[in-house]
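Written out below as structure tokens is the structure these notes cover.
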Amino acid sequence: MNEALAQAMQQVFLDPAVWGIVFLAACYGVFLGAMPGLTATMGVALFVPMTYWLEPVPALAAIVTMVACAIFAGDIPTTLVRIPGTPASAAYADDAYALARRGEAGRAMGTSLWFSVAGGLLGGLLLMLLGYQLARMAAWFSVTEYFWLYLMGLSCAVVVGRSGIARSLAGLTIGLLLSTVGLSAVHGQARFTFGHPELFQGINFIPAMIGLFGLSEVLRNTLQLDAAPMAASTTSGQGSILAPAVSLFRQRPLAWFRSSIVGSGIGILPGAGADMAAWVCVAISKRFSKSPETYGQGSTECIADACAGNSSSLAGAWIPALVFGIPGDSVTAIVIGVLYMKNLKPGPEIFAQQGTLVYSIYLIFLLANLVLLPVGWLAIKAGREVLRIPRRVLLPVILLFCIVGAFAVNGSSFDVGLMVAFGLLGVICERAQISIGALVLGLILGGPLEERFVQTLAGGQGSLIAFVNRPLAALLAGVCLVLWGSVAINTLRRHFATRNADSV
Amino acid sequence: MREPITFFRCTIILVLALAGCGRESRFPHQPITLICPWSAGGGTDRVSRQVAAQLEEELGVPVNVINATGGSGVTGHTRGARARPDGHTLAMITVELNMLHWRGLTSVTYRDFAPLQLLNRDSAALLVRADSPFTNLDELQAAIAAGPAKLKASGTAYGGIWHVALAGWLHARGLEPTAATWISINGAGPSLQELNAGGVDFVCCSLPEADAMLAGEQVRSLGVMAEKRVPGFEGVPTFREQGHEWSIAGWRGVAAPRDTPPERLAILAEAMQKVGQSGELATFMRNAGFNLSLAGPEEFAATLERQDEIFRVILTGPAFQSISGEHFGPMIFPAIIAGLLLLTLGSVAWQSRGQQAQRPREKTDLRPAIAVLAAALFYIVAAEWLGFVSCAALLVAGLLVVFRVRLVLALPLAALVTVAVYQVFAIGLRVPLPRGLLDW
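Here it is, written out as structure tokens:
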């Protein structure tokens, strides 16, 4: 075993201070993730002044743990009240909430917990072994490759839609169109702002998400105030937390592996994070599933694969941050700052000079996921009690949380209004069976997609050849075409099948 | 009926505990908000949070950073300038304040602020990949001049500080600012990634932003647009040393809205001066790779005025106007998407023809749903005046009553939830919830 790894193990596993801080950070992370509107980024930014008094390893331990735990905890409000705690949960919000309404909230959250932990462990391990080599591959990606990658992520949202391609595509394009409101990042010009300075910042996806999922659900529930609380339908705690996960592991041992590898791969690319990993994993999972028709209606397979994927992607974002000083997401941007404060400069030689530190970061990912098990289990136990509260008492409180959550992101009252507007849009989309999840993804990826589109066009002096004249770009374009082709063929086949059935 | 009574007691104790924090007349007597116009994790955010932590010690009240991001800095600067001028809202202002209004993106200028303290200045630098054929500025200039628009550059979005820096240099050398094609990429990090991937030929950004890749010898710097070499990057020659008279820098500083009372400005300026001159900030700036450069209110104001004139010349001159006209206009993408949306909506309508009639028309009581919307609107309208605590308590209590929950449960529950949310978000997580005119 190499020396740096041995030393890192000693620093991480034998130091009670690290254990203590990981435990506290896990509780804080679960809380942040479970509160709609509060993000891991915000929690980490608040924590930064405290890192001055900490040694590098405990300081990074706290950040790693917060992030790893927040991504799981985002599933708790998703399941219980249908407000995704993090954007990554939007990919399987329908499944988790459908299970909760059937009185199986415990099963949904248990699956999410076990597969988040499993994905996180595998992701951490993979990057510890291959991180440096993978970082070199990420350096091949130029704006053109990112364009195809984002397009692929968006296509996945269309593939997984359960009410037909047209309706998923409608959701997606509404989201994309709304993402163009505000000052265009790439042109520096205002669009659709109607002279309102608040609209210059564009539509922030967190208030939008809270409105689309949370507020629209509150509005829908007000129509059935007298219905029993969701938990009342089953007497014993809404399904076991452990058992369904074990049987899923046994039935599909390779699915977990597949999702974690895909998640890690996506995580390494700066600018493609946990939310995209979740969507891509759901799409792959549905493609290979034996029961694709249950997706979107309470499939634990879907939840399991998405959770393994988004959890494993987190460790990946640290690789470009450490090797090139290019942050993979907003959290690692803060981490780079913390590293500088500790006089540790990111760069390719960090693996040689600070090998112990790099190994420590990945060992902490493993430790954090292990600590998440008991903490997450307690959070699920506590969270389930929410479902016992009568609706007429619960709804006003959820409304307050929607408001505060929307406000907390940017400290802006305008965002509260935005949240209400999206709540109404959510109700309309729900009526028309337009996919809300795809809408959120369009809103998130619309900005980056347009930027890469215009950058590629500008780079190629307006020629469309620029989109495919790099080998890697051509390869990714090919993958996209195959994906669309297979979707189109499937749809046509189904269309003719039903038509033939009708005519018989 | 024991439960409501214990509820009630808890509530009274909590409410009294909160009310106990009496109001004081001296300034500052409530938390201060520092508006950062850039996102969490970036350089400006790091400086903001460091300053906030130190300012907190100087003033004895919490100083919370909020990131009002987007619009290339328009959002944050506008919110800072339009904030209630009572000294409890400060703004981190950046070089874009001198640029945005010349580009017609906002009416906010440096005159809307009372500057308190200039903190740092970082000069622009040109970077190429390690295997690039260029070794100095003259070679790069010759290549740009030889094949107009052949070479691609990036570093920030269109019209950002590093773009202006490059355009200004080309202009000073007698070249068209469009002689190098600017690829608009948001942020120095992604631009450097693009440089690494071979998508652009050179990048213009500050040296600290490229520190990791300079140290890893993946990129080289051809020169820095500063009067003298930058501490920590002594190996990088200045433009002047290579015979190119051109320097430009980005800066950051703290300011208050213009109409803040002078006696409060004096208190804030004194505290900011102490923060600026502290060894802690100096260490932070050195470690973070920022070039500490201090100036008090008068000197800062003079710098702002001078800089504004420099940017006026660059940004309103014919040279820059010519590159503002974009080839791939801002409406291409929305137009494509809108076309796609019309197509899909058409196909959805086609699919669902005839299904409308089948849906049974259910009779539902819409009043609770309308009450929820009304409550949310009430909050939006009233929160700024009434403050979060009273507004949220009214909202929850009102809705509970509309939903026919008994008063004896509704009132204490509303108070308890409100106080708990306030404690967690405003005090624990430092979200600056509205305090209202009653300051509570």
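Those sequence lines, one after another, are chains A and B. Mapping of the first sequence onto the working numbering: position 329 corresponds to residue 329, and the numbering continues sequentially without gaps. Mapping of the second sequence onto the working numbering: position 371 corresponds to residue 371, and the numbering continues sequentially without gaps. C-beta atoms are modelled at their ideal positions from N, C-alpha and C, and glycine is treated no differently.
Note down the Cα distance separating residue i from residue j, rounded to an integer number of angstroms.
i, j, result
"Glu176 of chain B", "Trp182 of chain B", "12 Å"
"Asp365 of chain B", "Val218 of chain A", "14 Å"
"Ala108 of chain A", "Val67 of chain A", "21 Å"
"Ile267 of chain B", "Leu55 of chain B", "11 Å"
"Leu154 of chain A", "Pro448 of chain A", "12 Å"
"Asn508 of chain A", "Cys204 of chain B", "Since the first and last residues shown for chain A are 1 and 504, residue 508 of chain A lies out of range."
"Ser360 of chain A", "Ala368 of chain A", "12 Å"
"Ala474 of chain A", "Val393 of chain A", "56 Å"
"Ile332 of chain B", "Leu443 of chain A", "17 Å"
"Ser116 of chain A", "Tyr92 of chain A", "13 Å"
"Leu515 of chain A", "Leu169 of chain A", "What the structure shows of chain A is the stretch from 1 to 504, and residue 515 of chain A is not part of that stretch, so it cannot be assessed."
"Cys36 of chain B", "Arg406 of chain B", "45 Å"
"Arg84 of chain B", "Arg435 of chain B", "12 Å"
"Leu441 of chain A", "Gly296 of chain A", "16 Å"
"Ser233 of chain A", "Phe113 of chain B", "Any reading at Ser233 of chain A is ruled out, since the residue's pLDDT is 47, under 50, leaving its predicted position unreliable."
"Leu127 of chain B", "Gly223 of chain B", "8 Å"
"Phe284 of chain B", "Leu149 of chain A", "38 Å"
"Ser72 of chain B", "Leu492 of chain A", "45 Å"
"Ala321 of chain A", "Leu411 of chain B", "50 Å"
"Ala301 of chain B", "Thr344 of chain B", "55 Å"
"Arg46 of chain B", "Leu409 of chain B", "46 Å"
"Ala421 of chain A", "Val158 of chain A", "24 Å"
In the DSSP output, what is residue i paired with across the bridge?
i, result
"Ile35 of chain B", "B:Ile66 and B:Ala91"
"Gly253 of chain B", "B:Ile93 and B:Leu118"
"Gly182 of chain A", "A:Arg191"
"Phe441 of chain B", "Within the shown structure, residues of chain B are numbered from 1 to 440, placing residue 441 of chain B beyond reach of any answer."
"Phe113 of chain B", "B:Pro257"
"Leu292 of chain B", "B:Asn120"
"Ser221 of chain B", "B:Leu127"
"Trp53 of chain A", "In DSSP, Trp53 of chain A forms no bridge with anything."
"Trp182 of chain B", "B:Ala153"
Taking Cβ positions only, does residue i come closer than 7 Å to chain B?
i, result
"Tyr132 of chain A", "no"
"Arg191 of chain A", "yes"
"Val404 of chain A", "yes"
"Ile326 of chain A", "yes"
"Pro348 of chain A", "yes"
"Met276 of chain A", "no"
"Ser385 of chain A", "For clarity, residue 385 of chain A is Glu in the given sequence; the question names Ser instead. No, Glu385 of chain A lies away from the interface with chain B (no Cβ there is under 7 Å from its Cβ)."
"Tyr304 of chain A", "The question names Tyr, but residue 304 of chain A is Ala in the sequence shown. No, no contact with chain B."
"Val487 of chain A", "no"
"Ala139 of chain A", "yes"
"Arg392 of chain A", "yes"
Does any CB atom of chain A fall closer than 7 Å to the CB of residue i?
i, result
"Pro368 of chain B", "yes"
"Leu16 of chain B", "Confidence at Leu16 of chain B is low in this model, with a pLDDT of 47, below 50, so the placement of that residue should be treated as unreliable; the coordinate-derived value is given next. It does not; no Cβ of chain A falls within 7 Å."
"Arg435 of chain B", "no"
"Phe425 of chain B", "yes"
"Ala335 of chain B", "no"
"Asn287 of chain B", "yes"
"Ile183 of chain B", "yes"
"Val419 of chain B", "no"
"Pro262 of chain B", "no"
"Val313 of chain B", "no"
"Arg49 of chain B", "yes"
### Message
At a CB distance below 8 Å, what residues from the region 158 to 184 of chain A approach chain B? Give them in sequence order.
### Response
Gly164, Ala166, Arg167, Leu169, Ala170, Thr173, Ile174, Leu176, Leu177, Thr180, Gly182, Leu183 and Ser184
### Query
Which of the residues in the region 212 to 239 of chain B, read from start to end, lie with their CB under 8 Å from any CB of chain A?
Ala212, Met213, Ala215, Gly216 and Gln218
#### Entry: Selection of the region 126 to 141 of chain B by Cβ proximity to chain A, strictly under 7 Å
none
### Message
For the region 197 to 216 of chain A, list every residue whose C-beta sits within 7 Å of some C-beta in chain B, in sequence order.
### Response
Pro197, Phe200, Gln201 and Gly202
### Query
In the region 61 to 95 of chain B, which residues sit with their C-beta less than 9 Å from some C-beta in chain A, listed in chain order?
Asn64, Val65, Ile66, Asn67, Ala68, Thr69, Gly70, Gly71, Ser72, Val74, Thr75, Gly76, Thr78, Arg79 and Arg82
### Query
Taking three-plus beta-carbon pairs below 8 Å as touching, is the region 480 to 491 of chain A in contact with the region 304 to 323 of chain A?
no
### Task
May I ask you to list, following chain order, the residues of the region 193 to 208 of chain B that have a beta carbon less than 8 Å from some beta carbon of chain A?
Gln193, Glu194, Asn196, Ala197, Gly198, Gly199 and Val200
### Query
Taking Cβ-Cβ distances below 9 Å as the criterion, which residues of the region 339 to 370 of chain A are in contact with chain B?
Tyr340, Met341, Lys342, Asn343, Lys345, Pro346, Gly347, Pro348, Glu349 and Ile350
### Query
Using a beta-carbon distance cut-off of less than 7 Å, what residues from the region 444 to 460 of chain A approach chain B?
Glu450, Glu451, Phe453, Val454, Gln455, Leu457, Ala458 and Gly459
### Query
Do three or more CB pairs link the region 24 to 40 of chain A to the region 49 to 56 of chain A at distances below 8 Å?
no
### Query
Listed from N- to C-terminal order along the chain, which residues in the region 406 to 418 of chain A have their beta-carbon within a distance smaller than 8 Å of any beta-carbon of chain B?
Phe407, Ala408, Asn410, Gly411, Ser412, Ser413, Val416 and Gly417
### Query
Is the region 240 to 253 of chain A touching the region 386 to 395 of chain B, taking contact as three or more C-beta pairs under 8 Å?
no
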